[in-house]
Amino acid sequence: MNGSFHLALALLAPLVGATTTYQALDVMPRLAASRERWQRTAWYVVGVWMIGIGLWSQHFVGTLARVPQLRDGLDPLLCIASGLLALLAAYVVLAMTDVVMLTRTRMIAGGMLLAGCVLPMHLLMVASLHLPAVRVGAGQHLWLWCVVVVVIGAAVLKLLHAFRARHNRSLRRRIPVALGNALILGATLHLAMRMSGERFPAGNAGDAAAVVWVGSMIGVIALVSMGSAIGLSEWVTRLYQRTRSLAGSLDDLHDRLRYLSTHDALTGLPNRATLVDRLERALDGARDGRGYVAVLYIDLDGFKHINESLGQTAGDQVLCAVAERLATHLRYESVGRVGGDEFVAVLERMRSQDSAHRIVERLLDAMQLPLVVGGITLCATPSIGVAHFPQDGDSAEALIAHADVAMSAAKQAGRNGYSIYDTSMRRRAERALAIQRGLHAAIEDGSLSLHYQSKHDSATGAIVGAEALARWTHPELGEVPPMEFIAVAERSGQIGRIGEWVIREACRQIGAWRGQGMAPLRIAINLSPLQLNQSGFVDTAARIAAEAGVDPALILFEVTESIAMENAERTRLMLRDFRERGFEFAIDDFGTGYSSLAYLQKFQVRQLKIDRFFVQALDEGGPEARAIIAAIIDLAHTLAIEVVAEGVETQLQASVLRTLGCDQLQGYHFSRPLPPEEFERHCRTLMVLALV
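Residues in the sequence shown are numbered consecutively from 1, following UniProt numbering.
Shown next as structure tokens:
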């Protein structure tokens, strides 16, 4: 150690410098990425403290590398002053580079300011060592140091500016930059001390060891502090990023939940609540004189069949395609999905009601275009109901409800069209609602009952069976026609419960007549298409008959020809299940549909019932009705099927049907539908007359 150089400290100083530079490179991008004030303040405090410690430690260790002895110790006040200047220099580094664009003027000014902090820091540090016999060379000493510090400051600022401009946090780029910068600064400091003429007298081995120990301790403490700070800052950053990520996920979830609360998940259209809010605002505008408002209630025709035949996935695709088409021809925010295949549109600021009707007609034309789903071409036409403000309602809910009523009228009128709401529709809707509510209690309160219309052997006139017909007396509406309340029961989903009651009541009545000694009669029961599609219906019917102790052969289920042929293969399988359980089956209203002779043979039904339309035409004397009936009878007898003519109301009709070979006759000519007690008396009367 020839008097003036400690190799260990000379190597430690650049390491401290490299760590300091790395610290600066670590803090700058974190500071730049911080947006909240408390975060920026925290990173400023951390950066100034650690960079200042590193800067002071590098200079201190580098200076001790040339100091042979520390016999008089250190001046604490001068050390503190030197440290404060190092902290100020660190602040200058951060403050001057914490900008979007570092201009040349700012870089030069920052370099001079940094030099103004580093130079007195170094001089105070040297002065704090109480070095004896320090000989400072004359000449360019002060001037040289100013130039060197300015160059160092400008280089540091330029380096940090280049890094900050890239915002590169790659470890592979940080380490080489930090090492290179530390070597440059260390070499510059060493060269400057050599050129400045600083010479220190030699000391003994003990003095040298003390110097190395002090310098090493300061260097190690600085390294540990900065390393800990780097690790802690990395941990805090990752924790903050995870927190931000979690907060972002929660925000995304909140946004998604808010979206789902206002939009339909399948089609992306506004949902009912959102559309009602939109409609209320449109009504406010109409009240202020900003045009007419109309509400459209749109329901797809035949969507249930699409869903059942092609599956729910295809049905969802159809709904999405229809939603897109509606949104294309109407404003996106003015159309929403409110049910399975039901949509509502708000037409606002119309010049007149005719303007709304023209839009509806254009929409109907657009909806005629086929849809291609899964390679299959489909047609999903709409039935549309229209309600106008204010004559059809003064609130959003009222207008939507009335448009719904008008839509139902459009469906009843033949579908694939539109209907405009009027008050008579409202009365019909209120009556339908009253019927729907009344049906819930009809079974329990006894207002629902079965009447029986007799079937007669055409040759002898004897009663050979009867048809069970449901009758209902509403407590307020009075007698409700079966066609009306059965249709409401089907729409409201109550037909299954009522159908089971009909089977149970018919079985109970068969048992009661048997107990009274009456000859067993086969009772015909009409089935709804919804009952045919009901899972487990055959099992339910068989269980009811078994519980009542009734032979299933005494129950004959009737289904219309059109329903039977709607899905002939499914009907064939269901009829097979009925036959396996012992039940009989009949095709009702025969002659009005399009039966396939092949399927008619496969059905293996017990009876065909000729539609009353052909029977009543017999009174007109035309040959067409007689020929059709004769053909039906011949066809049925060829297939070993009985023929029943319903709706027989005159002697002429009965005579012609008897002549044509019809097996059974049913109608008002023989008896109207009767309550059980009257039907029983009717049967006994005919039996007495037959004996006479």
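We put the CB at the ideal spot given by N, CA and C, even for glycine.
On a predicted model such as this, the values are computed, not experimentally measured, just so you know.
Buried versus exposed, by CB contacts within 10 Å (16 or more), residue i
i, result
"Glu198", "Reliability of the predicted coordinates at Glu198 is poor, the pLDDT of 49 falling under 50, and the value obtained from them is presented with this limitation in mind. The residue is buried, with at least 16 neighbouring Cβ atoms inside 10 Å."
"Arg337", "buried"
"Pro270", "buried"
"His161", "Low confidence applies to His161: its pLDDT is 48, below 50, so where it sits in the model is not reliable, and the reading given next is rough at best. By the neighbour-count rule (16 or more Cβ atoms within 10 Å), His161 is buried."
"Thr267", "buried"
"Ile510", "buried"
"Ala95", "exposed"
"Ala133", "In this prediction, Ala133 has a pLDDT of 45, which is less than 50 and means its spatial position is unreliable; nothing more can be read from the coordinates."
"Ser261", "exposed"
"Phe614", "buried"
"Ile80", "exposed"
"Ser528", "buried"
"Tyr292", "buried"
"Pro382", "buried"
"Gln494", "buried"
"Arg672", "exposed"
"His682", "buried"
"Ser588", "The question names Ser, but residue 588 in the sequence shown is Asp. Buried, since its Cβ has 16 or more Cβ neighbours within 10 Å."
"residue 764", "Past the boundaries of the shown model lies residue 764; the chain is included only from 1 to 692, so the question cannot be answered."
"Met367", "buried"
"Gly62", "buried"
"Ala13", "buried"
"Ile384", "buried"
"Gly139", "In this prediction, Gly139 has a pLDDT of 49, which is less than 50 and means its spatial position is unreliable; nothing more can be read from the coordinates."
"Val372", "exposed"
"Tyr259", "exposed"
Nearest residue (CA-CA) to residue i, options the options
i, options, result
"Arg606", "Ala13, Glu642, Asp577", "Glu642"
"residue 734", "Arg572, Val464, Pro475, Ile510", "The requested residue 734 does not occur in the structure, where the chain is confined to residues 1 to 692."
"Asp445", "Gly461, Trp472, Ile420", "Trp472"
"Ala470", "Leu674, Gln58, Gly52", "Leu674"
"Ile486", "Gly438, Thr571, Ala553", "Gly438"
"Leu554", "Thr560, Ala546, Glu561", "Ala546"
"Glu646", "Ile610, Gly661, Glu677", "Ile610"
"Val648", "Gln516, His456, Thr571", "His456"
"Arg522", "Ser355, Glu484, Tyr452", "Tyr452"
"Gly219", "Gln436, Gly661, Leu15", "Leu15"
"Arg491", "Ile525, Ala524, Gln531, Ala459", "Gln531"
"Arg543", "Phe578, Arg570, Asp392", "Phe578"
"Ala468", "Gly515, Ala489, Cys507, Ala524", "Ala524"
"residue 694", "Gln604, Leu660, Arg504", "Past the edges of the chain, shown from 1 to 692, lies residue 694, and the structure says nothing about it."
"Gln601", "Glu620, Arg581, Glu569, Arg612", "Glu569"
"Thr19", "Gly83, Val92, Val224, Ala86", "Val224"
"Thr540", "Trp501, Met518, Met565, Pro520", "Trp501"
"Glu505", "Val92, Leu87, Val550, Arg256", "Val550"
"Ala466", "Glu566, Val344, Leu450", "Leu450"
"Glu361", "His329, Gln391, Glu324", "His329"
"Val93", "Leu78, Asp75, Cys117, Ser82", "Cys117"
Span of the beta strand (DSSP E) around residue i
i, result
"Ile610", "607-610"
"Ser449", "448-457"
"Glu467", "463-474"
"Val480", "478-480"
"Gln664", "664-666"
"Val550", "Note, Val550: premise wrong, no beta strand (DSSP E); not H, not E."
"Glu642", "642-646"
"Glu584", "584-590"
"Ala273", "Run containing Ala273: none in the beta strand (DSSP E); it sits in the alpha helix (DSSP H), 272-287."
"Ala524", "522-526"
Extent of the continuous alpha helix (DSSP H) to which residue i belongs
i, result
"Arg514", "495-515"
"Glu569", "568-580"
"Glu624", "623-638"
"Ile51", "37-64"
"Thr659", "651-659"
"Pro529", "529-532"
Which ranges would you report for the alpha helix (DSSP H) in the UniProt domain "GGDEF" (291-423) if only whole runs of at least 4 residues count?
-> 303-310, 312-329, 353-367, 396-412
Evaluate the contact criterion for the segment 240-254 versus the segment 305-317: three or more CB pairs, one atom per stretch, below 8 angstroms.
-> no
Could you say if the segment 442-459 and the segment 397-416 meet the contact criterion of at least three C-beta pairs nearer than 8 angstroms?
-> no
Contact between the segment 649-657 and the segment 411-422: three or more CB pairs below 8 angstroms?
-> no
Pairing CB atoms from the segment 306-323 with CB atoms from the segment 360-379, are three or more of them under 8 angstroms?
-> yes
Do the segment 278-296 and the segment 346-355 touch if we need at least three Cβ pairs shorter than 8 angstroms?
-> yes
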